[in-house]
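Inspection log for the structure reproduced underneath, given as structure tokens.
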Amino acid sequence: MIAIIDYGAGNIKSVQNAVEKLGFETILTSDFDEIRNAEKVIFPGVGEASTAMKFLKEKKLEQLIPTLKQPFLGICLGQQLLCQFSEEGETECLGIFDVNVKKFPTTQIVPHMGWNNLEKTDSKILKNVLNEDNFYFVHSYYCEIGKETSSVCDYILPFSATLEKNNFYGTQFHPEKSGDVGSKILENFLNLN
Amino acid sequence: MDIKDGRTVKGINFVGLRDAGNPVELAKKYSEQGADELVFLDISATDEKRKTLIHLVEELSIEINIPFTVGGGISTLNDVDLLLKAGADKVSLNSSVVKNPNLIKEISQRFGNQCVVVAVDSKQIEDQDFVFVNGGKIKTELHTLDWVKRAEELGAGEILLTSMDFDGTKQGFDVRLLKQVSEICNLPLIASGGAGKIEDFTEVFTQTNATGALAASIFHFGEIEIPDLKLNLKNNRIAIR
Chain A
1 MIAIIDYGAG
11 NIKSVQNAVE
21 KLGFETILTS
31 DFDEIRNAEK
41 VIFPGVGEAS
51 TAMKFLKEKK
61 LEQLIPTLKQ
71 PFLGICLGQQ
81 LLCQFSEEGE
91 TECLGIFDVN
101 VKKFPTTQIV
111 PHMGWNNLEK
121 TDSKILKNVL
131 NEDNFYFVHS
141 YYCEIGKETS
151 SVCDYILPFS
161 ATLEKNNFYG
171 TQFHPEKSGD
181 VGSKILENFL
191 NLN
Chain B
194 MDIKDGRTVK
204 GINFVGLRDA
214 GNPVELAKKY
224 SEQGADELVF
234 LDISATDEKR
244 KTLIHLVEEL
254 SIEINIPFTV
264 GGGISTLNDV
274 DLLLKAGADK
284 VSLNSSVVKN
294 PNLIKEISQR
304 FGNQCVVVAV
314 DSKQIEDQDF
324 VFVNGGKIKT
334 ELHTLDWVKR
344 AEELGAGEIL
354 LTSMDFDGTK
364 QGFDVRLLKQ
374 VSEICNLPLI
384 ASGGAGKIED
394 FTEVFTQTNA
404 TGALAASIFH
414 FGEIEIPDLK
424 LNLKNNRIAI
434 R
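Residue numbers (my numbering), protein chains in the order written: chain A, 1 to 193; chain B, 194 to 434.
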């Protein structure tokens, strides 16, 4: 069972649809035990950082998530919340990835909304993804680059398109909205041991 | 895609509708052909037809894996909530936010500005650009540039600008208007109205700062195929997927 964390904001239905299309059973949940016992966990994200963290605290998920051992994927805001600190709402995050989340300077159009490619490294979830493949991004805040960065996207400045540490994975783009290459990434994640 | 009673329709200068097919089938086709985003505007939106739209959004969310925007008759936070929950990525707001601009702020605070598309229907009258509402039927006193700026300040995440003068005419995008709007606005800007041939897309991306271009009839009626269009833009060194 794949647990998709439901925190009452944004479009999580499309993540569920995308995962089910790949033949996996899912459950939308914010329940401590259901998440702890799931085979894999996806933390999709559209919304605002401080509101989402508040929700995680209410459900005691901010204590649970860092202790999880199964593969865990944070998408968009979900990746940002796995970092140390976000400038959005001055929010202390879950502290798994050793980078901070910053607001884009408004020297170009913000939000960054649209399709971009990645400079990637060797990552399990980026298997069979080419440097010229494009992914759908929509965000006004970005994760800095650090030692856990597994791919970089350049919009206004270079930032972490994906991050990876032990069983934790993050994507700034929306794989569920990135056509067939996006599905490939979800599939790579869902097939992790 | 303009949607009426669950079907895709297309008019010229906002009138004279003709049927263009099943929206889910068209959406699948465009998504497979490489469209970057899809926009569905329910032009028949009334309370009793709301359910048809929600159902359509649910179906679309299962069938396509690219972002899509839904609009038409959205006037409350609850409308937005239902559409996002059904699977829409963004909502497009038009008449309701002209009446109640604060709604832009309320939606962007609750759901994030990335999902708030403010659709502006603009028409030129004696050298001035005015905002029209109710599907282009009612003229307001708002000047287009002022309104776009206001929408940005209130928290819009994207502007969908339709030139009523050019819509359905296939004479190219309204470069003059788009240039002026993109100069005063720092949001993603979708150009709409007037696309007739591949060169019109090249023109809008080289002559203006529009970040996207929307077209309907030329795709619905097979006059331009999306793969040809994208190849052509790439050959003209326009950065696209």
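C-beta atoms are modelled at their ideal positions from N, C-alpha and C, and glycine is treated no differently.
Computed from a predicted model, the values in this text were never measured in an experiment.
For residue j and residue i, the rounded distance between their alpha carbons
i: GLU119/A; j: ILE331/B; result: 49 Å
i: GLY181/B; j: GLY89/A; result: Because chain B here runs from 194 to 434, residue 181/B falls outside it and cannot be looked at.
i: ASP272/B; j: ASP314/B; result: 21 Å
i: SER123/A; j: THR245/B; result: 43 Å
i: GLU416/B; j: ASP212/B; result: 16 Å
i: LEU335/B; j: PHE359/B; result: 19 Å
i: GLN16/A; j: ILE65/A; result: 20 Å
i: THR269/B; j: GLN226/B; result: 34 Å
i: ARG369/B; j: ALA406/B; result: 15 Å
i: LYS298/B; j: TYR142/A; result: 23 Å
i: VAL19/A; j: LEU186/A; result: 7 Å
i: LEU422/B; j: LYS363/B; result: 15 Å
i: PHE137/A; j: PHE414/B; result: 30 Å
i: ARG173/B; j: LEU296/B; result: Residue 173/B falls outside the range modelled here, since chain B spans only 194 to 434, and no answer is possible.
i: ILE30/A; j: LYS221/B; result: It is worth fixing the name first, because residue 30/A is Ser in this sequence and not Ile. Whole-angstrom Cα-Cα distance: 32 Å.
i: GLU35/A; j: ILE5/A; result: Sequence check: residue 35/A is Ile here, not Glu. Taking the straight line from one Cα to the other gives about 8 Å.
i: ASN11/A; j: GLN172/A; result: 15 Å
i: ALA161/A; j: GLN84/A; result: 16 Å
i: ASP198/B; j: SER385/B; result: 23 Å
i: ASN287/B; j: ALA388/B; result: 21 Å
Residues of its chain near residue i, where Cβ-Cβ distance is below 7 Å and the 5 sequence neighbours each way are ignored
i: ALA279/B; result: ILE247, VAL250, GLU251 and SER254
i: LYS127/A; result: ASN188
i: LYS60/A; result: PHE32
i: GLN321/B; result: HIS336
i: LYS427/B; result: ILE433
i: GLN373/B; result: LEU338
Own chain, CB closer than 6 Å to residue i, minus 5 neighbours either side, in chain order
i: PHE398/B; result: ILE431
i: THR262/B; result: VAL232, LYS283, SER285 and VAL310
i: GLY146/A; result: ASP98 and VAL99
i: GLU144/A; result: VAL99 and ASN100
i: SER410/B; result: LYS203
i: ALA281/B; result: VAL250 and VAL263
i: THR395/B; result: ASN429
Within chain A, the residues that residue i reaches when beta carbons sit closer than 7 Å
i: GLU351/B; result: MET113
i: ILE255/B; result: ASN17
i: THR404/B; result: ILE109 and GLY114
Whether residue i touches residue j by CB criterion (9 Å)
i: THR337/B; j: VAL326/B; result: no
i: THR121/A; j: SER150/A; result: yes
i: GLY74/A; j: GLY179/A; result: no
i: CYS308/B; j: GLY350/B; result: yes
i: ASP312/B; j: THR355/B; result: At residue 312/B the sequence reads Ala, which differs from the Asp that was named. A contact, by the Cβ cut-off of 9 Å.
i: PRO175/A; j: PHE135/A; result: yes
i: ILE444/B; j: VAL341/B; result: Any question about residue 444/B goes unanswered here, given that chain B covers just 194 to 434.
i: HIS139/A; j: PRO158/A; result: no
Beta-carbon neighbours of residue i, restricted to chain B and to distances below 8 Å
i: ASN134/A; result: ARG434
i: GLY78/A; result: None at all; the shortest Cβ gap to chain B is about 13 Å.
i: SER183/A; result: ASN258
Residue burial classification, residue i (beta-carbon count within 10 angstroms, cutoff 16)
i: PRO105/A; result: exposed
i: GLY95/A; result: exposed
i: PRO420/B; result: exposed
i: GLN63/A; result: exposed
i: LEU163/A; result: buried
i: GLU346/B; result: exposed
i: ILE42/A; result: buried
i: THR67/A; result: exposed
i: ASN193/A; result: exposed
i: GLU144/B; result: Since the first residue shown for chain B is 194 and the last is 434, residue 144/B is missing from the structure and cannot be characterised.
i: ASP339/B; result: exposed
i: GLU48/A; result: buried
i: ASP133/A; result: buried
Sequence-distant residues of the same chain with beta carbon closer than 8 Å to residue i, five excluded per side
i: PHE24/A; result: ILE2 and LEU190
i: ALA52/A; result: TYR7, ALA9, GLY45, LEU77 and LEU81
i: VAL202/B; result: ASP195, ILE196, LEU210, ARG211, ASP212, ALA213 and ILE236
i: ALA344/B; result: VAL290, PRO294, ILE297, VAL311, VAL313 and ILE352
i: GLU230/B; result: ILE259, PRO260, PHE261, THR262 and GLY405
i: ARG434/B; result: GLY227, ASP229 and LYS423
i: ILE27/A; result: MET1, ILE2, ALA3, ILE4, GLU34 and ALA38
7 Å Cβ cut-off: residues of chain B touching residue i
i: GLU48/A; result: GLY305
i: VAL129/A; result: Under the 7 Å cutoff, chain B gives no residues; its nearest Cβ is about 14 Å from VAL129/A.
i: GLU176/A; result: ASN258
i: VAL138/A; result: GLN307
i: THR194/A; result: For residue 194/A there is no data in the structure shown, the boundaries of chain A being 1 and 193.
Cross-chain neighbours of residue i in chain A, by beta carbon under 8 Å
i: GLY280/B; result: ASN11, LYS13, SER14 and ASN17
i: PRO381/B; result: ILE109, PRO111, MET113 and GLY114
i: ASP272/B; result: Under the 8 Å cutoff, chain A gives no residues; its nearest Cβ is about 15 Å from ASP272/B.
i: ASP212/B; result: Those do not exist, as ASP212/B stays about 28 Å from chain A at its closest Cβ, beyond 8 Å.
i: ASP314/B; result: In chain order: nothing, as chain A lies at least about 22 Å away.
Can you list, in chain order, the residues of the region 12–44 of chain A whose Cβ is nearer than 7 Å to any Cβ on chain C?
Included in the structure are the protein chains A and B, with no chain C among them.
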